[in-house]
Amino acid sequence: MFAKSQEAQRKGPTDTANLCKIRTRAKLQSLPAPFTTHSQSHGACCSCLYCCRGMGLLLKFFIPLLGLVLAFYFYSAPENFNEEMLRGKRVIVTGASSGIGEQMAYHLARMEAHLLLTARTEAKLQKVVERCLQLGAASARYVSGSMEDTAFPEVVVREAENTWGGLDMLILNHIGYSYFSYFNGDVGHVRKLLEINFLSYVAMTVSALPMLKESEGSIVVVSSVAGKIGSPFAAPYSATKFALDGFFSSLRHELITDQVNVSITLCILGYIDTENAVRAVSHAIRGTPAPKEECALEIIKSGTLRQRELHYPSSACPFPHHWGSPMLMHPGSLRRDAPEDYNTQHENILFSNKLLQLAFSNQDALQRSSRWQDLLPVSCSPAGTTPPSKPQQQRC
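In structure tokens:
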């Protein structure tokens, strides 16, 4: 009995301590969590995770977008054009003997600008200069010559420097002659056209840039929708206009990077009623050309307001139709009443037979559709003949 009592006394404190630990643990487990249950805690963690992800997306996309909007707001050009902006400005206009260049010269003369005009034909330039002086130009003079001459661009810019001592605006508008037909493989013609339509633009820009940097002036480049979208029958011309877009868009970024305050405006023009354009494509393209007088004024406005691009007329904007040519943008633009010597077969250019089959289940449905009537493939016989019952598989 005494031994049992001693053993109980020896084990008692240990059992009591263990019992206390067990009871304490049980009480702690029975107590509620301080703020939330386990499921609520898991939900809160998920919510926090989603919030963090949402904040990350906000910082990644919204903040840069907000920065762009603010930058555009504070640094964009003024929206309102005023003719007073060009009074007394020193402006070079190339290709000024006819067409859009001639009309730009007249508009600038009414705004009392100083003008230096260039073109190939001296007799026409003389008449344009006389008319500019009558319209109120602060001064007007010309330099005649061909842009095929690699030294001529520098001659023109040097004339402006010697006469005015500086330059405020350079308008590059001249073009070389090009045909509107299938590319005939004449590499020499492409090389010549690149010299006139592209390399001379670069040469004039290089020569004029020091004066434009000093005056914080503007460069206006007259291009075409053919320089945004590859169009049929204008491969050499389109290549030169694509070159203009690539070079001057890149140069604009470099000037911005170097914080050089010289603007570059690229003018994307569509079908304008100039003598050269109408003569070249009127036999093949349906539609009314836009007025050259209004086009010239819009070019001057966009350059003065230091806009990045001008699209005139509005149909010249390639978006959202950047996936195809202007012929696709306006399917009825190719004339069906073209002269007999003009090849009007365009089935392999506009639509493949597979695409026609996707659009219509059979040829009869295609012929019944007035919307697609102008897109029916035609044979190599003179225009106006009845389209064959099945699309032509061969090229003429």
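For the sequence shown, our numbering begins at 1012 and goes up steadily by one. The beta carbon of each residue, even a glycine, is placed where N, CA and C say it ideally should be.
Residue 1217: buried (16+ other C-beta within 10 angstroms of its C-beta) or exposed? A residue is called buried once 16 or more other Cβ atoms fall within 10 Å of its Cβ, and residue 1217, having fewer, is exposed.
Name the DSSP bridge partner or partners of residue 1323? Within the DSSP bridge table, the entry for residue 1323 names 1280 as partners.
Where residue 1186 falls: helix, strand or coil (DSSP): Annotated three-state conformation of residue 1186 is coil, per DSSP.
Strand pairing of residue 1151, partner residues [DSSP]: According to DSSP, residue 1151 bridges with 1126.
Are residue 1309 and residue 1321 close, meaning C-beta to C-beta below 8 Å? In this structure, residue 1321 lies closer than 8 Å to residue 1309 by Cβ.
Just verifying my parser: in three-state terms, what is the DSSP assignment at residue 1267? Assigned with DSSP and collapsed to three states, residue 1267 falls in helix.
Could you spell out where the beta strand (DSSP E) holding residue 1447 opens and where it closes? Because residue 1447 is not part of the residues shown, which for the chain are 1012 to 1407, the question remains open.
What is the C-beta distance between residue 1277 and residue 1259, in whole angstroms, given that I count them as a contact (C-beta under 8 Å)? With 8 Å as the limit, residue 1277 and residue 1259 qualify as a contact, their Cβ atoms being about 6 Å apart.
Consult DSSP for residue 1240 and reduce its assignment to one of helix, strand or coil. Three-state result, residue 1240: coil.
I want to know whether the stretch 1179-1197 touches the stretch 1133-1148 - three or more CB-CB distances under 8 Å. Taking 8 Å as the limit for Cβ pairs, the verdict is that the stretch 1133-1148 does not touch the stretch 1179-1197.
With distances taken between CB atoms, is the gap from residue 1254 to residue 1209 smaller than 8 Å? Yes.
In chain order, what residues of the same chain lie with their CB nearer than 6 Å to the CB of residue 1148, ignoring the 5 residues before and after it? The answer, listed in chain order, is 1120 and 1126.
Does the distance between the C-beta of residue 1134 and the nearest non-hydrogen atom of the ligand COA fall short of 7 Å? With respect to the ligand COA, the structure offers nothing, as it holds no ligand at all.
With H, G and I counted as helix, E and B as strand and the rest as coil, what does DSSP make of residue 1374? Only weak support is given to the placement of residue 1374: the predicted model assigns it a pLDDT of 42, under 50, and the value that follows is read from those uncertain coordinates. Correct three-state label for residue 1374: helix.
If distances are taken between C-alpha atoms only, which option among 1145, 1179 and 1205 comes closest to residue 1161? It is 1205 whose Cα lies nearest to the Cα of residue 1161.
Could you please give the first and the last residue of the uninterrupted alpha helix (DSSP H) stretch that includes residue 1233? Looking at the DSSP string, residue 1233 is not in any alpha helix (DSSP H); the run it does join, the beta strand (DSSP E), is 1229-1235.
Residue span of the alpha helix (DSSP H) that contains residue 1174, given as start and end: From DSSP, the alpha helix (DSSP H) with residue 1174 extends over 1163-1175.
Alpha carbon to alpha carbon, what distance is there between residue 1238 and residue 1252? If I take the Cα positions, the gap works out to 4 Å.
Keeping to the same chain, check which residues put their C-beta closer than 7 Å to that of residue 1110; ignore five residues upstream and five downstream. The answer, listed in chain order, is 1285, 1286, 1287 and 1303.
Check residue 1222 in the structure and name its three-state DSSP category. Looking at residue 1222 - three-state DSSP - the assignment turns out to be helix.
Residue 1106 and residue 1229 look like a contact to me (Cβ under 8 Å); what is the Cβ gap, rounded to whole Å? Not really, about 17 Å apart at Cβ, beyond 8 Å.
Output the distance between the C-alpha atoms of residue 1236 and residue 1166, rounded to the nearest integer angstrom. Looking at the backbone, the Cα of residue 1236 and that of residue 1166 are separated by about 30 Å.
Nearest to residue 1180 (by Cα), restricted to the options 1174, 1152 and 1124: Among 1174, 1152 and 1124, the Cα nearest to that of residue 1180 belongs to 1124.
Quick check: residue 1416 and residue 1174, are their CB atoms within less than 8 Å of each other? The structure shown does not extend to residue 1416, since the chain spans only 1012 to 1407, so no value can be given for it.
Tell me which residues share the same chain as residue 1108 and place their Cβ nearer than 8 Å to its Cβ, disregarding the 5 neighbours each side in the sequence. If we look at residue 1108 and ignore the five residues flanking it on each side, its Cβ neighbours are 1128, 1130, 1131, 1132, 1135, 1136 and 1139.
Give every residue of the same chain whose Cβ lies closer than 7 Å to the Cβ of residue 1212, excluding the five residues on either side of it in the sequence, and list them in chain order. For residue 1212, where only same-chain residues beyond five positions count, the Cβ hits under 7 Å are 1183, 1232 and 1255.
Delimiting residues of the alpha helix (DSSP H) encompassing residue 1133: Per DSSP, residue 1133 belongs to the alpha helix (DSSP H) from 1133-1146.
Helix, strand or coil at residue 1274 according to DSSP, with G and I counted as helix: Secondary structure at residue 1274: strand, using DSSP grouped into helix, strand and coil.
Which whole-angstrom value is the C-beta distance of residue 1164 and residue 1215, which I expect to be below 8 Å? Right, their Cβ atoms sit about 4 Å apart.
With DSSP run on the structure shown, which of helix, strand or coil describes residue 1246? Residue 1246 falls in the helix class under three-state DSSP.
Using only alpha-carbon positions, find the residue among 1101, 1268 and 1144 that is nearest to residue 1170. In this structure, 1101 is the residue among 1101, 1268 and 1144 with its C-alpha nearest to the C-alpha of residue 1170.
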